Amino acid sequence: MSYMSEFTKGLIKENPTLVSLLGMCPTLAITVSASNAIGMGAAATFVLICSNLVISLLKKVIPSQVRLPAYIVIIAGFVTVAGFILKAALPDIYDALGIFLPLITVNCIILGRAEMFASKNNAAASVLDGLGMGVGFTLAMLAVSSVREIFGNGTWFGLQLRPEFMEPMAIFIYPAGGFFVLGCVIALVNKISKRTAPAAAGCAACPNKEGCAGGCSSNDGKEESK
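Here my numbering is used: the first residue of the sequence shown is 13, the next is one more, and so on.
Given below as structure tokens:
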């Protein structure tokens, strides 16, 4: 197992928001400003790392019949801690996130990583998986929120970027603008991923080559002979 790949896969290749299309509600709702995106991303990353670690350590103790309720209880505990920290340290961001902060408890990204990865892997890999997915989620929201804030308000992290003679395009801070920007960012990431993906080389590049009966080899031969 490559621990570095467990971290980097969440950045682009398996980005939870831009590739798996998870966590759409907070991505569209709170990305009207970059500071909100950083606050939500930091909270989600904290919960991902801590919940993945605890679930990985307890995977042999938690009965399979109640694993999902147990995961939710663990996640909810860390969401509560994240809420206390944000409320004490960054009350403005805490107020801006509103109901979407406690809703991290049922975020598909966090529950999905608990079920699909943390419950099946060791603690170190689970922590790196949570960190990578959290950073990927944060970067996705930051990209969307930066475009929406710059074009919609003319600011970025509160800094004035818009010249006085230009009017902000308010559409970008509305839900329609959020969908438009998110779609453009997803399209851009897909374009980059396809451009950087290695080209397939017949059966040698096929992930199912070990269990293949040889049908694809014959097809490749027919195509080459044409």
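The beta-carbon is built from N, C-alpha and C at its ideal position, and this holds for glycine as well.
This structure is a prediction, so every number in the text was calculated from the model and none was measured.
- Secondary structure note for F149: its alpha helix (DSSP H) is the uninterrupted segment 135–165.
- Between the region 49–61 and the region 78–85 there are fewer than three C-beta pairs closer than 8 angstroms, too few to call the two in contact.
- The beta-carbon separation of V156 and L194, rounded to 5 angstroms, stays under the 8 angstroms limit for a contact.
- Annotation: L34 is outside any alpha helix (DSSP H) and is labelled neither H nor E by DSSP.
- Take the alpha-carbon of A136 and the one of Y106: they are about 30 angstroms apart.
- Closest in C-alpha terms to L30, from the list A182, G170, F149, T167, comes F149.
- L171 carries a strand assignment under DSSP once its states are collapsed to helix, strand and coil.
- Residue state for V85 is assigned as helix, using DSSP reduced to three classes.
- Rounded to the nearest whole angstrom, the CA to CA distance from K72 to A55 is 27 angstroms.
- Spatial neighbours of F112 in its own chain (CB-CB distance under 8 angstroms, excluding positions within 5 residues in sequence) are listed in chain order as C37, P38, A41, I42, M52.
- For T43, there is no enclosing alpha helix (DSSP H), as DSSP gives it neither H nor E.
- If you look at S17, you'll find it in the alpha helix (DSSP H) that goes 15–20.
- Selection K99, A108, A101, T117 evaluated against A88 yields T117 as nearest (Cα-Cα).
- Taken through DSSP and simplified to helix, strand or coil, Y106 comes out as helix.
- Of the other Cβ atoms in all chains shown, fewer than 16 fall within 10 Å of the Cβ of D104; this residue is therefore exposed.
- In the structure shown, the three-state DSSP call for V73 is coil.
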